[in-house]
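Everything on this sheet refers to the single structure shown next.
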Amino acid sequence: MAELSNAQKNYLLRQKHHRRRVLFCRVALILFFLALWETAAGLGWIDAFIFSSPSRIVGTAASMGQDGSIFRHTGITLLETLASFFLTVILGLATAILLWWSPSVSEVLEPYLVVLNSLPKSALAPLLIVWLGANMRTIITAGVSVAIFGMILNLYTGFQQTDPEKIKLIRTLQGNRRDELFKVVLPGTIPLFISILKVNIGLCLVGVIIGEFIGSRMGLGYLIIYGSQTFQLNLVITGIVILCIIALLLYLALALAERRYLRRIRSPR
């Protein structure tokens, strides 16, 4: 490998310092917010019963950790989210490929997919409870319903925007429709696919929480509803904080996979 020039070294050093500054500002911002929140609750600027405080949240989480309830509720929500996410990926990718493969099927189904994607999914949750019962299957279905239609439409649009010159090259070389799909369309839309996954993991979490709000006796959604009904607002905010942490960790996992993929395709062979 050729040795880097001084200009390249300086550029990489500036980029490294920039990333450190951004990380420092992010950490400082959240620490400032937590300190302000705790101070405001302690000095009576806000009602600690309504708004809680970081120390109360930590105490609630610690007490729930002692009896293991926090791990049960978090584990159930995480399991349902991952199950709905994987189902969304499989069904969404398969449907998008079907629409691309058959233009006639696309012409028929596309208006319905647009309507279903625009429909507020919270309106479907009560029906799902009636149709499927109050169980984990229903909650997973609610998670899938929130994310799948948008994924299908975005992936199909990405397939349609594949470079026509590459498609023409495949046909010139006597390639068939399958060759177009596996050698041009799918490889060319991997960055888009990963970006859609980063959005969908959050949408699946939202759908699961909607389902747990309505028909569950376990999970963080149930915990939040139960806390609000019994005026245990520390429990409510603790559940929300745990949801934020889960969403952040899932997003970071997909972002890490994206960085590794981009690093691999950019590295010299």
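When you line the sequence shown up against full-length UniProt numbering, it's residues 1 to 269, in that order. From the three backbone atoms N, C-alpha and C, an ideal C-beta is built for every residue, glycine too.
Per-residue burial, residue i [other beta carbons within 10 Å of its own, 16 or more giving buried]
i: K16; result: exposed
i: H18; result: exposed
i: M1; result: In this prediction, M1 scores a pLDDT of 45, lower than 50, which makes its location untrustworthy; no coordinate-derived value is stated.
i: V105; result: exposed
i: S52; result: buried
i: T60; result: buried
i: T74; result: buried
i: I237; result: buried
i: I90; result: exposed
i: Y222; result: buried
i: S5; result: exposed
i: T88; result: buried
i: T172; result: exposed
i: I201; result: buried
i: L113; result: buried
i: A257; result: exposed
i: V208; result: buried
i: V58; result: exposed
i: E180; result: buried
i: K121; result: buried
Under the three-state DSSP convention, the category residue i falls into
i: I194; result: helix
i: I46; result: coil
i: F33; result: helix
i: Q232; result: coil
i: G219; result: coil
i: L119; result: coil
i: G59; result: helix
i: S102; result: coil
i: residue 272; result: Nothing can be reported for residue 272, as the shown portion of the chain is limited to 1 through 269.
i: S84; result: helix
Identity of the residue in the options nearest residue i by Cα
i: C204; options: P164, V114, Y251 and S216; result: Y251
i: G150; options: I196, S84 and L262; result: I196
i: N117; options: I90, M136 and N154; result: N154
i: E107; options: T77, V89 and Y156; result: Y156
i: P54; options: L256, N10, L235 and L220; result: L235
i: L79; options: D163, L43, A40 and I139; result: I139
i: P123; options: V114, L243 and V146; result: Residue identity differs from the one stated: residue 123 is Ala in this sequence, not Pro. If we check each option's Cα against that of A123, V146 comes out closest.
i: L243; options: I224, P191 and A40; result: I224
i: K198; options: E180, P126, F85 and A96; result: F85
i: L192; options: V206, I265, T230 and F159; result: F159
i: L128; options: V144, A48 and A41; result: V144
i: A94; options: A125, L43, W45 and I152; result: I152
i: G219; options: L23, F32 and T77; result: T77
i: I265; options: A255, Q229, A62 and I190; result: I190
Original post:
Do the segment 84-103 and the segment 176-187 make contact, defined as three or more Cβ pairs closer than 8 Å?
Top reply: yes
**OP:** Flag this pair as touching only if the segment 205-217 and the segment 30-44 have three or more C-beta atom pairs under 8 Å; answer yes or no.
**Re:** no
Original post:
Which runs of the alpha helix (DSSP H) spanning at least 4 residues fall entirely within the segment 121-192, listed in chain order?
Top reply: 125-132, 136-160, 164-172 and 177-180
Original post:
Is the segment 133-143 touching the segment 65-74, taking contact as three or more C-beta pairs under 8 Å?
Top reply: no
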